[in-house]
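The structure under discussion appears below in the form of structure tokens.
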Amino acid sequence: MSETGIGVPVKRVEDRRFLTGRGNYTDDINQPGQLYAWILRSPHAHARIKSVDVKKAKEAPGVIAIFTGADMAADEVGSIPCGWQIHNKDGSPMNEPAHPPMAFEKVRHVGDQVAIVIAETKAQARDGSELISVDYEVLKASIMMNDSLSKDAVPVHDDVPSNICFDWELGDKESTDAAFEEADHIVSIEVVNN
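According to our numbering, the sequence shown is numbered sequentially starting from 50.
Here's what the structure looks like:
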């Protein structure tokens, strides 16, 4: 049997440093003159951003800069591209709405990034973010995935026809159906990956 490859156990080599308290994480790495970022996130699942006021936050101690989705759009920072283009089972291309790095005009999930504060310390960045005033128009949202698929569901993205990104399948449907027809017992489960 091969010593490497799929299904071969891999000996762990990192445990000793973690178990003895000598692990090194990115939060442990510090450089002279470094700055810290704090991201202000949306508390709403679906809302229109009417305004983002950063004036008070920019005057907070230690705050160096603040960027919003409007700043990203003004600087023509494009959409984050999809890493894997999938075609639907009918051969049509998948729906690929724009995915800006920071919410602009609308938030589409709780935790969507609205602003980023850069400051001299992490506490100053967080404190600065608390001074940002965001005026939201809260919109109806589909919280459960199955609700998002109904015909009267609120669209997450205005520029695509439905909330389905792609409808894809793999395998031989006829052979699979035939195997189920011949099975003595069939066990099924509904899994909702929300």
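Don't be surprised by glycine CBs; every beta carbon is placed ideally from N, CA and C.
Item: Reduced DSSP category for L198 - H, G, I as helix; E, B as strand; rest coil; Value: coil
Item: Minimum C-alpha distance to W217 - residue among A122, I135, R157 and G72; Value: I135
Item: Sub-8 Å separation of L89 and A164 beta-carbons; Value: yes
Item: Inter-residue CB distance, S91 and D161 (contact presumed, cutoff 8 Å); Value: 4 Å
Item: Continuous beta strand (DSSP E) stretch holding Q162: start and end; Value: Q162 to A168
Item: Continuous alpha helix (DSSP H) stretch holding S237: start and end; Value: Where S237 is concerned, there is no enclosing alpha helix (DSSP H), given that its DSSP letter is neither H nor E.
Item: Helix, strand or coil at T117 according to DSSP, with G and I counted as helix; Value: strand
Item: DSSP-derived helix/strand/coil call for V86; Value: Correcting the residue type first, residue 86 is Ala in the shown sequence and not Val. Strand at A86.
Item: Cβ distance (whole Å) where M151 is taken to contact G127 below 8 Å; Value: Wrong, their Cβ atoms sit about 12 Å apart, outside the cutoff.
Item: D64 (DSSP reduced to helix, strand or coil); Value: helix
Item: Residue interval of the beta strand (DSSP E) (run including R97); Value: A96 to D102
Item: Coarse secondary structure for K107, derived from DSSP in three states; Value: helix
Item: K222 (DSSP reduced to helix, strand or coil); Value: helix
Item: Under 8 Å between C-beta atoms of Y74 and T170; Value: no
Item: Alpha-carbon spacing of I167 relative to F116, whole angstroms; Value: 8 Å
Item: Per-residue burial, A174 [other beta carbons within 10 Å of its own, 16 or more giving buried]; Value: buried
Item: Beta-carbon spacing of E52, I98 below 8 Å; Value: no
Item: F215 (DSSP reduced to helix, strand or coil); Value: coil
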